[in-house]
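Trainee:
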Amino acid sequence: MKVAKAKPKVAPPEPVVLSVSGLAAAVRDRLEGEFGRVVVQGELSGGKLHSSGHFYCDLKDDEAVLN
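Numbering-wise, the sequence shown is residues 236 to 302 according to the numbering used here.
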């Protein structure tokens, strides 16, 4: 008869704390490294012009939305 050995509990790793600019740089570096130059095809929707002059919208296709 086999007896199952208890696995030791391993604490989950501590999360990495990044600044917004650090996260943006990491995402940019990863995308550029994986894909090189990218052209995205989709539909802009829900556009709103903020009083600051910034324009916010969703970029979507039939299966996903980036906002």
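Think of the CB as a built atom: it goes at the ideal place given N, C-alpha and C, for glycine as much as any other residue.
My output table needs one value for E298: the three-state DSSP class, helix, strand or coil.
Mentor: Working through the sequence shown from its first residue, we reach residue 298 at position 63. Looking at E298 - three-state DSSP - the assignment turns out to be coil, as it is neither helix nor strand.
Trainee: Using 8 Å as the threshold, is the stretch 277 to 291 in touch with the stretch 253 to 266, meaning 3 or more CB pairs across them?
Mentor: Judged by Cβ distances under 8 Å, the stretch 277 to 291 makes no contact with the stretch 253 to 266, as fewer than three pairs qualify.
Trainee: Excluding sequence positions up to five away, which residues of its chain have a Cβ less than 8 Å from the Cβ of L221?
Mentor: For the chain, the structure presents residues 236 to 302; residue 221 sits outside this window and is missing.
Trainee: Using the DSSP secondary-structure output, state which residues sit across from E278 in a beta bridge.
Mentor: As a first step, residue 278 is located in the sequence shown; it is residue number 43 there, counting from the start. Partner(s): K295.
Trainee: Could you pull out every residue in the same chain whose Cβ sits closer than 6 Å to the Cβ of V300, ignoring the five residues on either side in sequence?
Mentor: In the sequence shown, the residue the question calls residue 300 occupies position 65. Closer than 6 Å at the Cβ level, and outside the excluded window around V300, lie D293.
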